[in-house]
Ligand code: FRU
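In my numbering, the protein residues as written are 29 to 527.
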């Protein structure tokens with residue numbers, strides 16, 4: 029892939045470039061890796077979801093976007109919206125770095141609805157003439173034209189005692205007071221959280237101090253994209269850890285998205301966890317998750333995440349000039365103290381023609397005849413303590429993309445070792461989760477270059493980008509007495525070019 033210079037990465041979107049980007053985006057319509065039901069960039073690179081909120085009867089979501097190619101460059105916010113979390117509509121560019129305080133990128137942030145406005149709190153990544161960086165927390169409001177209107181001046185300037193890394197504001201309200209939680213790096217280069225409070229959204233923000241998690245000193249080198257949500261009676265602290273170093277070898281990647289459940293003590297700036305932190309996703313490519321909130325459903329949140337990770341690259345799509353997806357939106361609930369993650373209910377409508385049906389191990393109908401489709405929804409129920417093997421995108425004598433459950437060890441494993449197109453092998457090609465209560469169900473969503481595996485009705489999720497070669501076109505299924513159905517998903521991704 030071409031080397032990108034600092035100048036090329038620093039380009040701010042210029043209207044004059046629209047038709048060039050449109051041309052490249054149109055070429056992508058024939059790409060075998062483009063998604064049928066995921067949010068994906070028109071062209072260029074997308075990473076974190078931003079500003080996720082339910083507002084005026086629709087879900088609004090933005091994503092970090094570099095319009096010119098598959099590299100991390102000058103970040104813009106691109107806007108998409110949806111009525112049902114399944115059909116997303118392209119709304120166009122919402123925000124570009126065009127003021128002093130965000131002159132090197134409109135970085136990540138959150139959405140917050142108040143008195144008829146959707147507020148967008150975000151980080152202005154600014155640099156001076158010597159390329160020295162300062163990060164400010166800024167505010168915008170969504171205008172009726174779908175564009176963000178920036179409010180003058182920063183809400184929060186960089187705090188003393190911390191490095192240049194202070195970002196990703198989560199704006200929320202509790203008992204009539206407003207809070208902003210950000211991720212930060214101490215001068216000793218350790219990851220932490222800073223909590224700010226104010227009586228008003230638009231001014232008066234004061235640093236309260238570091239939010240501490242009882243029993244923990246800090247988290248890796250840097251905390252990114254923190255989110256704090258009260259789901260039912262339980263507080264959930266979600267965040268992404270940059271480089272956990274020697275801290276936790278149980279985490280699979282160098283960059284990991286984790287969560288705690290517990291209680292919040294705002295007076296003492298302390299989160300009291302009721303157990304160790306856990307991975308939000310036990311697969312390969314997942315980072316920077318954030319929650320959206322619909323007041324009609326106060327006991328759940330909807331989670332969106334970058335179907336990617338800062339260290340990872342995906343050569344297959346890099347070559348085509350684009351990078352990244354958002355994961356399927358997940359509904360989060362806390363049940364018996366446990367965070368559950370399920371596809372949004374609207375995803376039932378994704379299921380089109382039933383391609384394959386086996387009941388109690390016997391095939392009732394099959395129009396696939398061993399051929400693996402490029403998109404599929406696979407549902408497996410009641411394996412009755414049996415081992416299971418699903419080999420997707422396989423070829424003779426190869427495992428392909430394997431999902432296997434070992435009944436003796438009670439381990440569920442996702443394995444992409446055998447695929448022709450490899451990516452990010454430095455972080456391993458196998459992921460395993462131990463299922464204390466065994467396997468009860470699996471729901472697998474395959475969308476050309478991605479797989480999301482929901483285990484036991486939302487107990488665990490494993491996500492993987494995969495890039496099957498044309499030769500990898502077979503499917504094999506093994507497991508006695510299983511109920512297994514495969515549907516052809518409908519196409520719900522918007523392909524309209526809107527900038
Ligand atoms: C996480 C992150 C954020 C930052 C954004 C920049 O992936 O590094 O901390 O705001 O991406 O694109």
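Note that the Cβ used here is the ideal one computed from N, Cα and C, for glycine as well.
Remember, predicted model here, so these are calculated numbers, not experimental data.
Within 10 Å of its beta-carbon, does residue i have 16 or more other beta-carbons around it, so buried, or fewer, so exposed?
i	result
residue 172	exposed
residue 397	exposed
residue 95	buried
residue 318	buried
residue 237	exposed
residue 147	buried
residue 302	exposed
residue 325	exposed
residue 285	buried
residue 308	buried
residue 458	exposed
residue 408	buried
residue 202	exposed
residue 327	exposed
residue 270	buried
residue 465	exposed
residue 264	buried
residue 345	buried
residue 180	exposed
residue 392	exposed
residue 478	buried
Tell me the residue span of the beta strand (DSSP E) that contains residue i.
i	result
residue 491	488-493
residue 229	Taken as a continuous stretch (DSSP letters only), residue 229 belongs to no beta strand (DSSP E), as it is neither H nor E.
residue 480	478-483
residue 30	Where residue 30 is concerned, there is no enclosing beta strand (DSSP E), given that its DSSP letter is neither H nor E.
residue 346	Run containing residue 346: none in the beta strand (DSSP E); it sits in the alpha helix (DSSP H), 343-346.
residue 82	72-83
residue 412	Residue 412 -> no beta strand (DSSP E), and no H or E assigned at all.
residue 462	458-462
residue 289	283-293
residue 471	469-475
residue 368	366-371
residue 38	Unbroken run through residue 38: none, as it is neither H nor E.
residue 439	439-443
residue 433	429-434
residue 237	234-241
residue 267	262-270
Got a sec, what are the start and stop residues for the alpha helix (DSSP H) residue i sits in?
i	result
residue 322	Run containing residue 322: none; DSSP gives neither H nor E here.
residue 49	46-55
With DSSP as the reference, identify every bridge partner of residue i, one or two as the case may be.
i	result
residue 134	152
residue 504	419
residue 107	90, 120
residue 62	Note: residue 62 sits in no beta bridge, so no partner.
residue 145	142
residue 219	213
residue 112	Bridge partners of residue 112: none, in fact.
residue 379	517
residue 358	331, 371
residue 190	214
residue 301	290
residue 200	207
Verify whether the separation of the beta carbon atoms of residue i and residue j is less than 8 Å.
i	j	result
residue 438	residue 470	no
residue 259	residue 360	yes
residue 109	residue 93	no
residue 312	residue 82	no
residue 98	residue 351	yes
residue 472	residue 510	no
residue 215	residue 174	no
residue 375	residue 54	no
residue 61	residue 522	no
residue 378	residue 182	no
residue 141	residue 354	no
residue 152	residue 129	yes
residue 441	residue 460	yes
residue 399	residue 369	no
residue 280	residue 495	no
residue 527	residue 46	yes
residue 297	residue 383	no
residue 89	residue 80	yes
Is the shortest distance between the beta-carbon of residue i and the beta-carbons of chain C less than 8 Å?
i	result
residue 478	Included in the structure is just one protein chain, with no chain C present.
Counting Cβ pairs closer than 8 Å, one from the segment 137-147 and one from the segment 158-172, do we hit at least three? yes
Would the segment 503-510 count as touching the segment 480-487 if we require 3 or more Cβ pairs under 8 Å? no
Could you check whether the segment 349-369 touches the segment 287-303, counting it as contact only if at least three pairs of C-beta atoms, one from each stretch, sit closer than 8 Å? yes
Using 8 Å as the cut-off, can you tell me whether the segment 192-205 makes contact with the segment 244-261, which would need three or more C-beta pairs spanning the two stretches below that distance? yes
If we count Cβ pairs, one from each stretch, closer than 8 Å, do we get three or more for the segment 153-167 versus the segment 338-349? no
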